Amino acid sequence: MTTPLNMNVTNGPLSVGAIRLLGVSISSAFLLGDTESITLYSYFDTPPESVIVSPLVPLPELPEGDIE
Amino acid sequence: MSLQCRTTIVAALYVNTVSSSGTLQLGDGDRTDMKTKALAVQKAIPNFIKDEFRYASYPLFFLPKLTLKQPCVSVNMTSVSPWPTIQVGPVYMLGISSSSIMRVGCGGPLQGSSRIKHIRDFNNLTSAENN
């Protein structure tokens, strides 16, 4: 049996200096403030067919449309 | 979960570019869901045949997301903020892009997702150059 976990957070004073940031990209977040929860996923998948050095092999036609 | 929102004070804010469903949010908000699917194809010889590149052709785009096994331990979380402000100096940001967010303020649960495939086809360029 799992008993509920109690977690109490007290936020102290927060003062931040200058921020210089080049980029926020690919489902990432830059937050100044409070938030309830954060869930971020990312996939990239480079190999194996991401670099093809060969003659073209056409992919077969698919009967159904793109999956949302 | 109880969350106590604080006021964020930013001295100055400079953002150069917001593109590709990037979000710059000044102020509080509720839940945020972000999603990106990208399929970048580069071919040395652009012999594309209709829409030959589909998301459905690649498992990366339809495999289920990995999550923690249920049921997890339930957590009763309380967050209190006796100091009501967050002080931030000047912020310089070059770009916000691809379903990402920059938020100044309080908000609810934030979820982001991204799947990118990255295919480069050199079309046997080396042998084509030799011919």
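Going down the list, the protein sequences come from chains A and B. Sequential numbering of the first sequence, starting at 12, is according to our numbering. Sequential numbering of the second sequence, starting at 13, is according to our numbering. Backbone N, C-alpha and C define an ideal beta-carbon position, used for all residues, glycine too. All of these numbers come straight from a predicted model, not from anything done at the bench.
{"Item": "CB-CB under 7 Å to Asp-45/B, same chain, minus the five flanking residues each way: which ones, in chain order?", "Value": "Gln-123"}
{"Item": "Out of Leu-43/A, Arg-31/A, Leu-73/A, point me to the one whose CA is closest to Cys-118/B's CA.", "Value": "Leu-43/A"}
{"Item": "Pick helix, strand or coil for Asn-143/B, following the three-state DSSP scheme.", "Value": "Note that Asn-143/B scores a pLDDT of 47, beneath 50, so its modelled location is shaky; the value from the coordinates is reported in the next line. The answer is coil: DSSP assigns Asn-143/B none of H, G, I, E or B."}
{"Item": "Classify Lys-129/B: buried if its beta carbon has 16 or more other beta carbons within 10 angstroms, exposed otherwise.", "Value": "buried"}
{"Item": "Please check the pair Pro-94/B and Thr-19/B, which I expect to be a contact at CB under 8 Å, by giving their CB distance rounded to whole angstroms.", "Value": "Contact doesn't hold; Cβ gap of about 13 Å is too wide."}
{"Item": "Looking only at its chain, what residues have a beta carbon closer than 7 Å to the beta carbon of Lys-55/B, apart from the 5 residues adjacent to it on each side?", "Value": "Asp-133, Asn-135"}
{"Item": "Can you tell me whether Gly-23/A is buried or exposed? The criterion is at least 16 other CB atoms within 10 Å of its CB, across all chains shown.", "Value": "exposed"}
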